[in-house]
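Presented below is the structure to which this report refers.
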Amino acid sequence: MMKKIILTLLLPAGLLLSAQVGINTDSPKAKLDVNGDLNLRDKIAVYDSSDNSLSQGNNDQLLVSQGEGYPPIWKTLRIPEYEPNKFYLIFNNSFSDKLGIRFSYNEQSNITTSRGSVFNKGTQYGTLSNFKKIAGLSQDINVYSTVSKAYFQFETVVQANFDANGATDTSIDYACGIFVDDKLVNLRQRNLKAIGSLQPFLTHTQIGIVENLTKGTHTVSVGCARLASYGSASGKTLTIGINAASNINSFIAQSSLKVDVYEVPEVFNPIIN
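See below:
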């Protein structure tokens, strides 16, 4: 009789241990469901079933969910300390392209006095005659503050299949521009001239900057144009970012674009101890 009484008392206890418990709620949604404030006076520990250990984490760590069906883990939250009214590097990346662009004589911009031509900042890409974009250098960047400075560093190799020396002033004028949302922000004009050896080439480098872009996503691109030909250059090919002859290859001639965006942060997430 005593055994039956003990079994009867233990049965409800076992049911309680396996049931869901609700505090301030009659319909708990988990094994322990607290509807209200929770005050912890001692410690929180995470159970590791692999070695039956309890981990309390380290100082300044947070308990982070790994998703449904997985136990939480301790993580260290790294928050940069921003000082007001100072610029910080928010975005940094570089891109490359080995396809480049080619210009025949018939594809030049017909600016016969190109050495004196004028390009204006803010000009729309579509209004510039015979400019071609270097496909791999068109990329999106994000700006998060109204106070920003974006720096662009473009480098490539320009080549023409000139004969040695050539006629007097055998050369080609060209221009390369950096565009943000198809608006010109920086441009450099140069001249590639025939020399004593065949198929001359030069390294083209330019640096541009634009300030206070609107917050959001912007597209950065690079476009170039053949402007005018002189001497016996009229039948020659000009290449930018790709080789025009076999004395160099596409690896040597490839283009690159580096983008750095500095911002004065507008959103701060202070931690109150």
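When you line the sequence shown up against mature numbering (1 follows the signal peptide of the UniProt record, and there is no 0), it's residues -19 to -1, 1 to 254, in that order. The beta-carbon is built from N, C-alpha and C at its ideal position, and this holds for glycine as well.
{"Query": "For L118, does the three-state DSSP call read helix, strand or coil?", "Result": "helix"}
{"Query": "How would you label Y243, buried or exposed, when you count the other beta carbons within 10 angstroms and need 16 or more for buried?", "Result": "buried"}
{"Query": "Measuring only the C-alpha atoms, how far is L21 from P65?", "Result": "36 Å"}
{"Query": "Can you find at least 3 beta carbon pairs, one from the stretch 180 to 190 and one from the stretch 113 to 120, that sit closer than 8 Å?", "Result": "no"}
{"Query": "Over what stretch of residues does the alpha helix (DSSP H) that includes I233 continue unbroken?", "Result": "231 to 234"}
{"Query": "Give me whichever residues DSSP pairs with N123 in a beta bridge.", "Result": "T198"}
{"Query": "I'd like to check one pair, Q42 with I25: are the Cβ atoms closer than 8 Å?", "Result": "no"}
{"Query": "Need the endpoints of the beta strand (DSSP E) that K174 sits in, please.", "Result": "164 to 174"}
{"Query": "CB F143 to CB Y106, shorter than 8 Å?", "Result": "no"}
{"Query": "Compare the Cα-Cα distances from A131 to each of T200, R171, D32 and report the closest residue.", "Result": "T200"}
{"Query": "Starting from Q130 and walking both ways along the beta strand (DSSP E), at which residues does that stretch end?", "Result": "According to the sequence displayed, residue 130 carries Lys and not Gln. 129 to 141 is the span of the beta strand (DSSP E), which, as asked, contains K130."}
{"Query": "According to the Cβ coordinates, are A209 and Q134 closer than 8 Å?", "Result": "no"}
{"Query": "Could you tell me whether the Cβ atoms of T6 and D14 are closer together than 8 Å?", "Result": "yes"}
{"Query": "Check whether the stretch 232 to 247 and the stretch 69 to 77 are in contact - that is, three or more C-beta pairs closer than 8 Å.", "Result": "yes"}
{"Query": "Would the beta-carbon of Q180 fall within 8 Å of that of A214?", "Result": "no"}
{"Query": "Under three-state DSSP, which class holds N5?", "Result": "coil"}
{"Query": "Using the beta-carbon count (16 or more within 10 Å), is G50 buried or exposed?", "Result": "exposed"}
{"Query": "Exposed or buried, which one is V99 when buried takes at least 16 other CB atoms within 10 Å?", "Result": "exposed"}
{"Query": "Is the beta carbon of Y125 less than 8 Å from the beta carbon of G216?", "Result": "no"}
{"Query": "Using only the alpha-carbon positions, how far apart do A11 and I4 sit?", "Result": "11 Å"}
{"Query": "Once DSSP output is grouped into helix, strand and coil, what is the label at N146?", "Result": "coil"}
{"Query": "Can you look up N87 in the DSSP assignment and give me helix, strand or coil?", "Result": "helix"}
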